[in-house]
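Number of protein chains: 4
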Amino acid sequence: MQYFDCDKIQFEGTSSKNALSFKHYNADELVGGKSMKDHLRFAGAYWHIMRNDLSDPFGGGTAQMPWDDGSDSVENALTRVDVFFEFLDKMGIEYYCWHDRDIAPELNDLSASSAALDKVVAKLKDKQNETGVKLLWGTACLFSHPRYSQGAATSPDANVYAYAGAQVKKAMEATKELDGLGYTFWGGREGYSTLLNTNMKREIDHLAAFLHMAVDHAKKIGFDGPFYIEPKPREPSTHQYDSDAAACLNFLREYDLMDRFRLNIETNHATLAGHTMEHELTVAANAGMLGSIDANRGDTLIGWDTDQFPTDIHLATQVMLVVLEMGGLTTGGLNFDAKRRRESHEPIDLVHAHIGGMDAFARGLKIAHAIREDRRLLNFVDERYSSFDKDIGAKVESGQCSFEDLEAFTQANGEPTVASGRQEMLENLVNEFL
Amino acid sequence: MQYFDCDKIQFEGTSSKNALSFKHYNADELVGGKSMKDHLRFAGAYWHIMRNDLSDPFGGGTAQMPWDDGSDSVENALTRVDVFFEFLDKMGIEYYCWHDRDIAPELNDLSASSAALDKVVAKLKDKQNETGVKLLWGTACLFSHPRYSQGAATSPDANVYAYAGAQVKKAMEATKELDGLGYTFWGGREGYSTLLNTNMKREIDHLAAFLHMAVDHAKKIGFDGPFYIEPKPREPSTHQYDSDAAACLNFLREYDLMDRFRLNIETNHATLAGHTMEHELTVAANAGMLGSIDANRGDTLIGWDTDQFPTDIHLATQVMLVVLEMGGLTTGGLNFDAKRRRESHEPIDLVHAHIGGMDAFARGLKIAHAIREDRRLLNFVDERYSSFDKDIGAKVESGQCSFEDLEAFTQANGEPTVASGRQEMLENLVNEFL
Amino acid sequence: MQYFDCDKIQFEGTSSKNALSFKHYNADELVGGKSMKDHLRFAGAYWHIMRNDLSDPFGGGTAQMPWDDGSDSVENALTRVDVFFEFLDKMGIEYYCWHDRDIAPELNDLSASSAALDKVVAKLKDKQNETGVKLLWGTACLFSHPRYSQGAATSPDANVYAYAGAQVKKAMEATKELDGLGYTFWGGREGYSTLLNTNMKREIDHLAAFLHMAVDHAKKIGFDGPFYIEPKPREPSTHQYDSDAAACLNFLREYDLMDRFRLNIETNHATLAGHTMEHELTVAANAGMLGSIDANRGDTLIGWDTDQFPTDIHLATQVMLVVLEMGGLTTGGLNFDAKRRRESHEPIDLVHAHIGGMDAFARGLKIAHAIREDRRLLNFVDERYSSFDKDIGAKVESGQCSFEDLEAFTQANGEPTVASGRQEMLENLVNEFL
Amino acid sequence: MQYFDCDKIQFEGTSSKNALSFKHYNADELVGGKSMKDHLRFAGAYWHIMRNDLSDPFGGGTAQMPWDDGSDSVENALTRVDVFFEFLDKMGIEYYCWHDRDIAPELNDLSASSAALDKVVAKLKDKQNETGVKLLWGTACLFSHPRYSQGAATSPDANVYAYAGAQVKKAMEATKELDGLGYTFWGGREGYSTLLNTNMKREIDHLAAFLHMAVDHAKKIGFDGPFYIEPKPREPSTHQYDSDAAACLNFLREYDLMDRFRLNIETNHATLAGHTMEHELTVAANAGMLGSIDANRGDTLIGWDTDQFPTDIHLATQVMLVVLEMGGLTTGGLNFDAKRRRESHEPIDLVHAHIGGMDAFARGLKIAHAIREDRRLLNFVDERYSSFDKDIGAKVESGQCSFEDLEAFTQANGEPTVASGRQEMLENLVNEFL
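Chains as they are written, first to last, in the numbering used here: chain A, 1 to 434; chain B, 1 to 434; chain C, 1 to 434; chain D, 1 to 434.
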């Protein structure tokens, strides 16, 4: 098959002028003793690559998909699987992610939809075996169908809630069947449009009950990969319950779900929440809860999730600094939850887009590794907090200190002399490596 | 004394054209069996009323303060106390709030500053006794002095941390001395400017240790009012740790501080965090953690804390709907953390500003009460969730349900029919009462 | 026919508890000697009422449209006309607006589409004659079809540009046929996604040439109503050329188009551009260029055009203050470019939504009129600028003043004493009338 | 003198680990036949370097200024001049900019302030002669003094307006005395806080009259450099009249001021207005109105002007692409209107900060030049519009085309085939050069 008008993309280095080559991503090149591909664990998103027709609220789809007959048939769904694996192969991407309704159609009733899913999953399993590609995570689409217009696990209607539970049950089983490394819960429409018609407490209690059922079901079917929660604010519900990493952690702590869940952090969701990506990653990592990453980029002048490809080298560097600091990703990866602009409507634009993202993260990885090896940045930070390594600072960290101790110390030592934070110098230092 | 060119502001009702009267706030009028003043518990903010010179980043102070000699003397501080109580008396406001450094000057060393504070506290105590005014809460200013430029309880420097501890110790003791009903921790500069120079984990651990010391010290001195944490994002640090209600709750849960703390929610902080005020209030209330309110209003087209007076009747209604739903404020109140515009530089503008806020909340209270008495809104919400009162929904709420149960239910019941959310009808209903 | 489950909506006054009645909008009631309906000139938007299926980027349509067979047939289009006029009749709305592709389908080629349009226009003409309803304005949809993905009059492709010209020609002729009072150019995709592939100068030159052709064509066909330009930023193109009122005026001035064009100002577009609605209205009115209004409301915490119904009484008051100040709308009106929330999926929700908007504007009109009659607000403003009515101020206004004059005046008069801006007092004054 | 603890900063190239060296900026290195310093024309901002104490709305100044006695004396002002020229010399910066009140104190009356200004100007003139440093532009501070709290040239008070005129007259004369290359009008407080108390039309008329007086006065004193208007939204007035480039151009066109004025575009002002820097630069350049640049960077997650140093290489590249396209800056330059973070309080932090900005722009210049030499990007854009070089497209550009022509063309040619916009490929192409 040849739906993407190119050969397998090769690493050609920075001197190449070939737009269809990697300038930086060299899968087996070692960085700090580990190959780039093992560091980065790139994943393709089935929904953007195969199902995003590039429609927007002001116009219909523009994407050319010569392989797709536009129908909801299982045959059409099976055809897409071949095209998708052609794409992964040409890009050298070894992981992927899906929503149940991306890979197989939603049909007239639950049983029919589940049967269709089984057929596609069987083909995916064959393709995985053929190619060695792995499923990074699966998830259920609980937001597109009109039944979910008012939420799924937070729907005010118990009938909808039940439907969502049945759908997730099946999606978890499909993930298990495909040896998925994880299973993701993105908030979808779990939130509200107006408090006037909403009982927030009851909705969140229901959500927690739902997730506990998922934990129980995983045990039953022997799925022991992590569950991921993916924070996102404002879209599609005006108020999403999982608005940022802290909101998710608060919820997981309140409802005793910390053990089984990790966070899947996405760049554009972070910025919509008013945070930097490195902030959200660090909040998650500090709690031991950073599981996986949705790699994309937003436009901070635009107020919605633009899901652009992550071509910003500085941003990729920040992400990889956090990932290297935590010792690398384990079950998770870098999933390109990113789409081409609507004007980039040819299949080859998908190739350009992924090259850009992969090269940017390859550079980010190399730069972050070099910054860490250089040690100047890390040493600066260690030194900045060194007063907490001894004396009164150490006493504070030991949990043995009181306000009386602090008062006595201050009376004895007087006004502190504060050192410069040197932000500009440190920004220059990072620029040295870019 | 007569620094505010008006008599005590009287309730004159809606037919009055006198700008210096209340049209709606009638302190002793009963609403639902409780007086307006007991519902609303208005507090004056010492910092805005007495110390805000209305400077901004582009220009110096404009506020006329004929009583103030501009010095940092204790005498000047004592004079301000009289003026402040004149203001409270004329407004009929019975609570107030302060930062230690608003009421008394920061002098050359900690001992001198503490001694100055003692003198002002003694006078405040006398005035409280004379007038019956109560201290809603006290707090320490841990953000203005250059020593705190990189944080106080999250400073990278243990010497600064110690100074902050000593200062809070004294501020808590002053609060106790004045029979303060609560003590507030606003984040101040607890956050960071750049992750490049920051160890976020270590800083937050230090903050938790600090608050545990506060809990211990309260026990020692017999202060048993609540501690309040006040969420705020982005200001003054680019990233504030206490960015919103969920972030605060997550922190309090992680560090086992839920028992002793409550949240103090401010309107403009909520909107800067990308939430509505009613969202933040509800998040806090649902966790049993809504303690007090900083009543003001932001300009959502402007990206910083404008601290405008809360004159929006719709907003006041939303606030009071949450407050009435939770059964009313107990130790907390409605503190006007609000300032006049820089162009409103006369003392009388303070009077106009507070009249506007008090009248708006009086209307909000009456409207919210009427909406609740009418029951149409509340009944709509109850009905909307009624499928969880019985059958499969009740099973979900009991914690006894599994995904298999939900699947079986869906197979038996098929596609749900979703009812309209009726947002527009409900918005019209609220408008009926405005 | 009876697609909307209600009788004609009646004015029942504020004591009515009937959700399907007007509490404030009383069409023939006089306000300042003119009927409410002549002040407000409400228009229904064909696209939202008949064609918006309430899909969003995360899910398909939810709107129940039992009259619509889902096809692109002319028959279906003709059926919708009847339903639309039932709606207008029940609401008592006497104007409407359309895009060509809302009222009739886009078919395989331009001729077929034009022929379909002719058939629907003929029926609309009949319905107009039957009912007395008038066309406030027509416009061409130059943004939905994939051919326009990179713009229409600013497309980089001359073939697309030509297609757009042909389409506008026809839409103008249809507007003329229906005695439309105006014709609107909303920016659609006239803008760009990235400057990397864009020649902004050339695109804007092309746009100006296009509008000059429209002016010429209007002359040819005898259409002498105003053309409206509708400012909007950020959507659907990342950068829209007509981003706000000032950008539109700058363009119209540069290309000598001021005579024939006016602005159509929309609330949610104003706020997305970082302005208040009253700012944009005033900018347009001051230039003598305020033509018509798209009445809706945004959610300033959300970064896109939410097109909510304008139920905010304070906002409606601000709008009507500007409209009354300029002497009222003439050819233009208040077009409800507003949609129900996706969860409000029943036809009756359209009725609730429009009731809310019409009642809010009725209140805004009455309040604005009362504020103007009261004169306190207007007198305050006149007085504030009174130093420009005489002496050096009058000399400035006469254009006879020089910097030497100002210097001499200042040397003679010394430091000015500035009066308070009294913003808080004025906000309270407005609240008196709400 | 030695207030900055470093020698003159040298170019040491990318292999240097010396934080106090340029890695990229090599003043005399030729890029496209012109030296870096002639391309970039860096200017130091007197206000940030000498007068910014790094206070913020939540706390006082932190900046260490051992040379400054904190007084408003002329002697202190003269001392600062020496320190400033030490800084420029060490940085190798050959231009500078000032506000009148930065370089000399505002004293009790206008005459005293003017006399103080004369003394400092005399010293600046000597230093310019000694060093060859040039004044890029001067301006008057019309926003800090309380008299200007409600605007200067748009003040409602003619006395304030007169004072502003007198002050600008003097500042223009000082600029002339120092052979200033230009004179800038930044909007300051020319705008409003609330429309309730504002006559926008009258204010803007007054502003135009003011600028015409400036034009007349320039003629009188023989100052023939350009006047610059600097767009900025939201700060310090809630609504600034000069909100973005288009608003400024609209104003200049309306009041017949295009000939004598150019725009001074600042990065952070562009982003606060919802535009990219390259958008604003291009709007100005397309109108032949790009005069000068205030080089800094904002934080798009933060809602105010953070004035950070421009260390983003991608951004510097975008700026230089526009500047090279327009043929380079002539009278204008790149003025670092940027400040250190409040935590970077030592004098040496000023040096780090400017090194970062200068190196980033040196890289931006080299990269932009290389992209232009490479031609792939420019050729892509030319090709994209090539259908307007011939046939119907050329007819459009000639102004000879009508809607009938476009209709006939479309009927003959049918549905256009649109080419991909290739945004992702072009973003990758730019990344090749970073």
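Think of the CB as a built atom: it goes at the ideal place given N, C-alpha and C, for glycine as much as any other residue.
Mind checking the region 146 to 162 of chain C against chain D and listing, in chain order, the residues whose C-beta falls within less than 9 angstroms of any C-beta there?
PRO146, ARG147, TYR148, SER149, GLN150, SER155, PRO156, ASP157, ALA158, ASN159, VAL160, TYR161 and ALA162
Tell me whether ARG375 of chain C is buried or exposed, calling it buried when 16 or more other Cβ atoms sit within 10 Å of its Cβ.
exposed
For GLY58 of chain B, which of D:GLU343, D:TYR148 and D:LEU110 has the nearest alpha-carbon?
The question names Gly, but residue 58 of chain B in the sequence shown is Phe. It is D:TYR148 whose Cα lies nearest to the Cα of PHE58 of chain B.
Residue closest to ASP391 of chain C, alpha-carbon to alpha-carbon, out of C:CYS401, C:ARG384 and C:ASP382
C:CYS401
For SER402 of chain D, go through chain C and note every residue whose CB falls closer than 8 angstroms to its CB, in chain order.
MET213, ASP216 and HIS217
Candidates D:THR198, D:VAL381 and D:VAL319: which alpha carbon is nearest GLY367 of chain D's?
In the sequence under discussion, the amino acid at residue 367 of chain D is Ile, which differs from the Gly named in the question. Selected option, being the one with the closest Cα: D:VAL319.
Is ALA287 of chain B helix, strand or coil by DSSP?
coil
Tell me the DSSP secondary structure of ASN199 of chain B in three-state form.
coil
Mind checking which residues open and close the alpha helix (DSSP H) that includes LYS134 of chain C?
Run containing LYS134 of chain C: none in the alpha helix (DSSP H); it sits in the beta strand (DSSP E), 134 to 139.
Between GLU254 of chain B and ARG253 of chain A, what straight-line distance do the alpha-carbon atoms span, to the nearest angstrom?
8 angstroms
Would the region 185 to 198 of chain D count as touching the region 136 to 156 of chain D if we require 3 or more Cβ pairs under 8 angstroms?
Touching, yes.
Using a Cβ-Cβ distance under 8 angstroms, would LEU195 of chain C count as near chain D?
yes
Using only alpha-carbon positions, find the residue among D:ASP89, D:ALA45 and D:TYR161 that is nearest to GLN10 of chain D.
The shortest Cα separation from GLN10 of chain D among D:ASP89, D:ALA45 and D:TYR161 belongs to D:ASP89.
Any beta carbon from chain D within less than 8 angstroms of ILE293 of chain B's own beta carbon?
no
Looking at C-alpha atoms only, which residue of C:THR62, C:LEU378 and C:ASN268 is the closest neighbour of ASP299 of chain C?
C:ASN268
Supposed contact pair ASP53 of chain D and ALA43 of chain D - C-beta distance, whole angstroms, cut 8 angstroms
Wrong, their Cβ atoms sit about 21 angstroms apart, outside the cutoff.
Please list the partners that TRP304 of chain A has in chain C, where partner means a Cβ-to-Cβ separation under 7 angstroms.
GLY303 and TRP304
According to the Cβ coordinates, are ALA246 of chain D and VAL215 of chain D closer than 8 angstroms?
no
Kindly give me the distance between the Cβ atoms of ILE348 of chain C and ASP5 of chain C, rounded to whole angstroms, as I take these residues to be in contact under 8 angstroms.
Contact holds; Cβ gap of about 5 angstroms.
Whether ALA174 of chain B touches VAL133 of chain B by CB criterion (8 angstroms)
no
is_contact[LEU378 of chain D, chain C] using C-beta, thresh 8 angstroms:
no
Assuming CYS97 of chain D is part of the alpha helix (DSSP H), what are its boundary residues?
Run containing CYS97 of chain D: none in the alpha helix (DSSP H); it sits in the beta strand (DSSP E), 95 to 99.
Counting along the chain, where does the beta strand (DSSP E) carrying ASN264 of chain C start and finish?
261 to 266
Exposure of ASP157 of chain B, with buried meaning 16 or more beta-carbon neighbours within 10 Å
Counting Cβ neighbours within 10 Å, ASP157 of chain B comes out buried, since at least 16 surround it.
For the 8 angstroms Cβ check, are there 3 or more pairs between the region 394 to 408 of chain A and the region 322 to 333 of chain D?
no
For ALA273 of chain B and PRO231 of chain B, which I take to be in contact (beta-carbon distance under 8 angstroms), what is that distance rounded to the nearest angstrom?
7 angstroms
Distance cutoff 8 angstroms, beta carbons only. Does GLY59 of chain B sit that close to anything in chain D?
yes
Just the chain D side, please: which residues come within less than 9 angstroms of PRO236 of chain B by C-beta, in chain order?
ASP56, PRO57, PHE58, GLY59 and ARG342
Identify every run of the beta strand (DSSP E) within the region 120 to 190 of chain D, keeping only runs that are complete inside it and at least 3 residues long; order them along the chain.
Those beta strand (DSSP E) runs which fall completely within the region 120 to 190 of chain D and span 3+ residues are 134 to 139 and 182 to 186.
LEU142 of chain B touches chain C at which residues, Cβ-Cβ below 7 angstroms?
The contacting residues do not exist; LEU142 of chain B stays about 29 angstroms from chain C at best.
Within the continuous beta strand (DSSP E) that includes PHE42 of chain C, where are the two ends?
Under the DSSP assignment, PHE42 of chain C falls in the beta strand (DSSP E) whose first and last residues are 42 to 45.
MET91 of chain C to ILE355 of chain C, Cα distance in whole Å?
8 angstroms
Which residues in the same chain have their Cβ closer than 6 angstroms to the Cβ of ASP226 of chain A, if we skip the five residues on either side of it in sequence?
The amino acid at residue 226 of chain A is misidentified as Asp; the sequence shows Pro. For PRO226 of chain A, where only same-chain residues beyond five positions count, the Cβ hits under 6 angstroms are GLY182, ARG262, GLY291 and THR331.
Counting C-beta neighbours from all protein chains within 10 Å, is the total for GLY393 of chain C 16 or more, i.e. buried, or is it exposed?
buried
Residues of chain C with CB closer than 9 angstroms to the CB of VAL121 of chain D, please, in chain order.
By Cβ distance, chain C contributes nothing, its closest Cβ being about 17 angstroms from VAL121 of chain D, past 9 angstroms.
So which residues on chain A does ASP299 of chain C lean against when the C-beta distance must stay under 8 angstroms?
Near ASP299 of chain C (Cβ distances below 8 angstroms), the residues of chain A are THR238.
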